Amino acid sequence: MGTFVPGTSAEQDQMLREAGYKNFDSLFADVPEEVRMKDLPEIPSGKSEMETYEDLRGIASRNKVYRTILRGAGAYDHYIPSIVDRIASKETLVTAYTPYQAEMSQGVLQQIFEYQSMICALTGMDVSNASVYDGATAAAEGVMMCLERKRNKILVSGCIDPRIISVIRTYAHGRGAEIEIIPEREGRTDLEQLGTLADSETAAVLLAQPNYFGIIEEAEEAGYIIHAAGAKFVLYCEPISLGLLKTPAALGADIAVGEGQPLGIPLSFGGPFLGYMASKAALMRKLPGRIVGETTDSSGRRAFALTLQAREQHIRREKASSNICSNEALCTLRAAVYMSAVGPQGLREVAVQCSSKAHYLAKKLAEAGLNLAYEKPFFCEFVTEGEKSGEILEALSNNGILGGLSLENGRILWCATEKCIAAELDRAAEIVKEVLR
Amino acid sequence: MKLLNEESVKGRSLSLIGKCDVEEYIPYSRFLRDEVPELPQVSEVTLSRHFSALERRSHGVNNGFYPLGSCTMKYNPAVDEEIAAFEGFTGAHPLQDDSEVQGSLQVIKDLEDRLSAITGMDAFTLQPAAGAHGEFTGLLMIKAYLESIGETERNKIIVPDSAHGTNPASAAMAGFNIVNVPSGPDGCVDLEALRQAVGSDVAGLMLTNPNTVGLFDKNILEITRIIHEAGGLCYYDGANLNAVMGIVRPGDMGFDVMHLNLHKTFAAPHGGGGPGSGPVGCKEFLAEFLPGSHVEEKDGALVRVRPAKSIGDMRSFDGNFLVAVKALSYIWMLGAEGVKEASQNAVLNANYMRVKLSDIYTPAYDTTCMHEFVLNLQKLKAETGCSALDAAKGLIDYGIHPPTMYFPLIVHEALMIEPTETETKETLDEAINALREIYDKAYNDPEYLKEAPHSTVIGRPDEVAAARHPIVHW
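Residue numbers (the working numbering), protein chains in the order written: chain A, 1 to 437; chain B, 438 to 911.
Dropping the structure here:
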């Protein structure tokens with residue numbers, strides 16, 4: 001059996017004796033006899049490290065890993081600079097916990113402060129928290145923090161990832177908030193319908209930029225409509241696109257949220273990921289989660305500490321802005337290293353290449369016989385329509401390419417990132433052409 | 438120390454991706470930002486040294502003792518990190534067809550089965566990303582269950598006054614009203630107060646056992662019976678499960694639904710605050726309400742199936758998968774006997790420290806504790822002016838991370854010490870000696886202690902100024 005208990009049985013006996021106990025059982029005298037266990041059924045004996053390593057390597061190899069991935073839909077295959085893995089493996093940063101004790105946690109605190117600063121730079125917002133669980137929970141927390149006594153309705157664009165909408169519905173059911181979906185029109189949020197739906201009971205309106213179909217929304221115009229109704233504008237932004245596209249702040253959003261996974265976090269079958277949340281200064285004290293602030297110590301030295309804790313569960317209990325305690329701190333480290341490694345021009349270049357390669361793929365797939373579902377400007381994802389979507393995806397898979405995500409009615413949601421080389425995009429289009437021939 | 442933007446020099450960069458090999462396509466200019474984001478411009482060597490310096494200014498389990506009560510800061514096995522980094526795990530897209538991710542589904546299924554065996558629950562979901570997220574999940578399941586049987590008037594959740602802050606916060610998020618019940622003088626649930634609190638409006642009870650003062654509530658079967666007889670459900674906060682694995686199961690104590698913290702009990706690292714993982718387990722009658730998908734075997738293959746009356750989704754995809762991988766590896770290595778040995782030694786270590794300190798410090802409850810114990814420093818404060826905070830800060834100068842301070846709220850001047858099972862006797866003895874020296878210091882040189890720590894890169898930060906005039910970015 002494997003063990004991480006260092007004490008020898010002689011040491012354990014000595015400690016039991018010195019603490020005044022006859023044996024281990026006497027430590028558990030308060031556990032009612034009728035429910036005390038004799039052994040643990042259904043759990044096999046322990047394995048050695050070597051066996052565990054080999055057996056789990058065998059299990060990992062049962063997953064199919066693709067070299068070329070043309071699927072996004074919430075999880076994106078970007079190049080991760082080697083320095084990200086190196087730094088995110090630093091043992092102290094991996095094994096520390098929430099930096100409650102500032103004096104011995106300045107490193108973790110400064111790292112989170114730097115992450116917050118970069119999220120502010122990316123989004124144009126005034127304050128960022130130290131992360132929530134993922135993009136969907138960031139979206140849910142983002143709209144829930146806008147609820148007011150007389151504003152209990154949340155409008156969610158129908159052009160948002162259905163998985164995010166599902167999470168928002170689950171969260172909203174708890175608080176009893178009302179959710180309405182703004183219909184889609186030709187791949188974009190229908191702003192006329194938004195104008196009708198947004199009213200004095202609307203707390204927040206959530207749009208995505210680019211949206212689930214990859215299309216760039218007329219978000220600025222949406223912002224005017226939302227604010228005219230007195231509601232808060234929450235914008236879900238893909239972070240790589242912000243190397244190129246207008247910031248949520250410039251588009252008039254009050255709160256920016258999103259999935260930070262594209263910033264140096266591997267696909268990992270969906271987690272751990274990183275929910276980022278940032279807002280205008282006026283909403284700072286409503287943000288959920290940890291926030292690190294800069295201050296000084298008693299000798300005037302620069303110091304960092306968890307701040308604005310009066311929002312949080314360990315102080316406010318049932319009146320807290322959220323119940324969140326553990327977050328995704330180590331993923332903020334990955335994101336911070338990623339953003340510093342690529343830098344401002346590098347982030348723009350990644351965004352330009354994603355856009356360029358997606359448009360190249362769209363052109364090639366159209367030549368191969370698929371139709372673009374929408375004639376709207378898009379970023380790095382787009383939707384096609386056509387026959388044989390199942391066969392297309394299967395043929396791609398057989399050739400080592402993970403094709404787009406199958407949507408309803410033969411539609412496929414495609415994605416290209418900077419990692420997709422032209423030759424592979426050509427090969428994918430050839431395979432599609434072959435299927436449609 | 439400089440911030441990364443202060444090390445930035447315009448024009449510095451890394452060479453990461455090649456030239457674009459297709460025609461450049463940039464969206465219409467009206468969609469574009471005016472300027473590139475102000476991110477640092479640094480070389481790779483600067484990055485490497487900057488974060489090495491940040492690492493040196495931090496404290497992890499690898500650096501030294503970390504007896505942070507309620508957080509189970511046990512040693513994180515090295516091999517778990519290697520296993521979670523296998524390309525088959527990190528490279529899998531969450532929206533691949535089930536047939537292509539049999540490895541991931543096998544990890545999920547196997548972990549769900551083993552967690553069920555350890556806890557006595559019938560079904561699990563790995564979707565919740567942390568303990569508090571799991572609490573919220575379990576409460577939404579209770580709510581959905583009550584709605585399904587038409588008992589929507591049940592809107593109260595009972596929470597002991599000693600509970601973790603997340604308990605009432607989660608109950609509020611799930612739309613319940615919170616009823617706080619006082620603890621008895623023994624630190625356990627006051628049965629009379631509980632009987633008074635229950636009625637036809639009670640949805641359930643949230644409890645951790647061992648409780649937050651580190652005691653196993655020996656009335657646990659009576660407590661869950663009182664709730665069940667009133668028509669409520671029992672939620673088990675699994676934060677303290679490290680004390681009782683292989684000893685007693687929440688499912689056998691009368692709990693209906695619970696969460697676990699894989700980053701505490703099952704040795705996944707805490708990452709400076711996360712990622713964690715908060716799987717939720719439940720009894721059969723609640724399984725159809727579980728969120729996300731459940732892994733089942735069908736025609737010789739594993740498939741993801743959405744439970745019939747699922748409450749929906751708690752986050753995208755299937756949870757913090759890589760954390761689940763680490764937990765499974767840990768459970769495989771320990772096996773049935775190792776799991777029990779871990780809990781036995783966690784409890785032994787806590788009692789050893791408690792007994793070796795109780796002649797000078799006052800244990801909040803002077804009786805056998807489970808995996809952690811709480812000291813009450815009121816006497817020390819009254820006699821020396823040195824508070825629990827001062828004693829905690831004093832420990833930093835010994836290279837020991839302070840215990841949890843001022844929690845639970847029912848103990849004044851509280852220090853909550855959780856040594857975990859992975860510490861050597863020498864480490865425990867050093868910590869005991871450190872705490873005894875600190876006690877002496879409080880009487881001999883209180884001013885020194887009030888200014889502790891003396892060995893760190895900063896002294897005590899001005900937290901009042903930080904909150905009054907928040908500086909939250911560079």
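Note that CB positions come from ideal geometry on N, CA and C, so glycine has one too. Being a predicted model, the structure only gives us computed values, none of them experimental.
Taking 7 Å as the threshold (C-beta atoms), are E492(B) and T92(A) in contact? Judged by their CB atoms, T92(A) and E492(B) are nearer to each other than the 7 Å cut-off.
What is the DSSP secondary structure of G410(A), reduced to helix, strand or coil? Residue state, collapsed to three classes: coil.
Does any C-beta atom of chain B lie closer than 7 Å to the C-beta of V432(A)? No, no contact with chain B.
With distances taken from CA atoms, which of L347(A), F273(A), T332(A), E184(A) is nearest P474(B)? Considering only alpha carbons, the answer is L347(A).
For P41(A), does the count of other Cβ atoms within 10 angstroms reach 16, so buried, or fall short, so exposed? With fewer than 16 Cβ atoms within 10 Å of its Cβ, P41(A) is classed as exposed.
According to DSSP, which residues form a beta bridge with D674(B)? Looking at the DSSP output, D674(B) shares a beta bridge with H696(B).
Looking at the C-beta of H496(B), does it have a partner C-beta in chain A at a distance below 7 Å? Interface residue, yes.
Over the uninterrupted beta strand (DSSP E) stretch that includes A773(B), give me the two end residues. For A773(B), there is no enclosing beta strand (DSSP E); the enclosing alpha helix (DSSP H) has its first and last residue at 758-794.
Please tell me whether, using a cut-off of 6 Å, the distance from the CB of S714(B) to the nearest non-hydrogen atom of the ligand ZN is below it. Absent from the structure shown: the ligand ZN. Ligands present: none.
Is the distance from the Cβ of G289(A) to the Cβ of N327(A) below 7 Å? Cβ distance < 7 Å, so G289(A) and N327(A) count as in contact.
With a cut-off of 8 Å, do at least 3 Cβ pairs link the segment 875-890 of chain B to the segment 805-812 of chain B? Taking a contact to require three or more Cβ pairs closer than 8 Å, the segment 875-890 of chain B and the segment 805-812 of chain B do not qualify as touching.
With a cut-off of 8 Å, do at least 3 Cβ pairs link the segment 599-616 of chain B to the segment 318-325 of chain A? Taking a contact to require three or more Cβ pairs closer than 8 Å, the segment 599-616 of chain B and the segment 318-325 of chain A qualify as touching.
Under 7 Å, Cβ to Cβ, is there at least one residue of chain A near V616(B)? So, not an interface residue.
Are three or more beta carbon pairs between the segment 351-365 of chain A and the segment 417-428 of chain A nearer than 8 Å? With contact defined as three or more Cβ pairs closer than 8 Å, the segment 351-365 of chain A and the segment 417-428 of chain A are in contact.
Between the beta-carbon of G264(A) and the beta-carbon of E381(A), is there less than 7 Å? With contacts defined by Cβ atoms closer than 7 Å, G264(A) and E381(A) do not form a contacting pair.
Determine, using beta carbons only, whether N870(B) comes closer than 7 Å to chain A. For N870(B), the answer is no, since every Cβ of chain A falls outside 7 Å of its Cβ.
Mapping DSSP to helix, strand and coil, what is M144(A)? It is helical.
For C237(A), name the three-state secondary structure that DSSP assigns. C237(A): strand per DSSP, three-state reduction.
Taking 7 Å as the threshold (C-beta atoms), are D134(A) and F269(A) in contact? No. Outside cutoff.
Counting only Cβ pairs nearer than 8 Å, list the residues of chain B close to A73(A). Listed along the chain, the chain B residues whose CB falls inside 8 Å of the CB of A73(A) are L532.
For I179(A), which residues in the same chain have their Cβ closer than 7 Å to its Cβ, ignoring the five residues on either side in sequence? Once the five neighbours on either side are set aside, the close Cβ partners of I179(A) are I154, V156, I168, R169, A172.
List, in chain order, every chain B residue whose beta-carbon is nearer than 8 Å to that of K280(A). Correct list: empty, because the minimum Cβ distance to chain B is about 12 Å.
Beta carbon of G691(B) nearer than 7 Å to that of T661(B): With a cutoff of 7 Å on beta-carbon distance, G691(B) and T661(B) are scored as near each other.
Could you check the C-alpha separation between A716(B) and D39(A) for me, to the nearest Å? With the sequence shown as reference, residue 716(B) is identified as Pro, and Ala is not the correct amino acid for it. For P716(B) and D39(A), the distance between alpha carbons rounds to 23 Å.
Could you check which residue in C457(B), P839(B), L441(B), N757(B) has the C-alpha nearest to that of N698(B)? The residue with the shortest Cα to Cα distance from N698(B) is N757(B).
Could you tell me which whole alpha helix (DSSP H) segments of length 4 or greater appear in the segment 98-127 of chain A? Runs of the alpha helix (DSSP H) inside the segment 98-127 of chain A: 106-123.
Between which two residues does the beta strand (DSSP E) containing E461(B) stretch? That residue, E461(B), is in no beta strand (DSSP E); it is neither H nor E in DSSP.
Determine, using beta-carbon pairs with one atom in the segment 52-60 of chain A and one in the segment 236-255 of chain A, whether at least three such pairs fall under 8 Å. Below 8 Å, too few C-beta pairs join the segment 52-60 of chain A and the segment 236-255 of chain A to call them touching: fewer than three.
Give the straight-line distance between the Cα atoms of N782(B) and D866(B), rounded to the nearest whole angstrom. When rounded, the distance between both Cα atoms is 15 Å.
Within 7 Å of chain B by C-beta, residues of the segment 33-64 of chain A in sequence order: Taking 7 Å as the Cβ-Cβ cut-off against chain B, the residues of the segment 33-64 of chain A that qualify are V35, R36, M37, D39, L40, P41, E42, I43, P44, S45, G46, K47, E49, T52, Y53, L56, R57, I59, A60, S61, R62, N63, K64.
For K830(B), which residues in chain A fall below 9 Å Cβ to Cβ? The CB of K830(B) comes closer than 9 Å to the CB of Q101, E103 in chain A, given here in chain order.
Does H665(B) come out as helix, strand or coil in the three-state DSSP assignment? Looking at H665(B) - three-state DSSP - the assignment turns out to be helix.
How about C457(B) and S356(A): do their beta carbons lie closer than 7 Å? A contact, by the Cβ cut-off of 7 Å.
Helix, strand or coil: how does DSSP classify I154(A) here? Strand, per DSSP.
What are the partner residues of C415(A), as DSSP defines its beta bridges? DSSP output for C415(A) lists E381(A) as bridge partner(s).
List, in chain order, every chain B residue whose beta-carbon is nearer than 8 Å to that of A320(A). Neighbours of A320(A) on chain B, chain order: G602, A606, A609.
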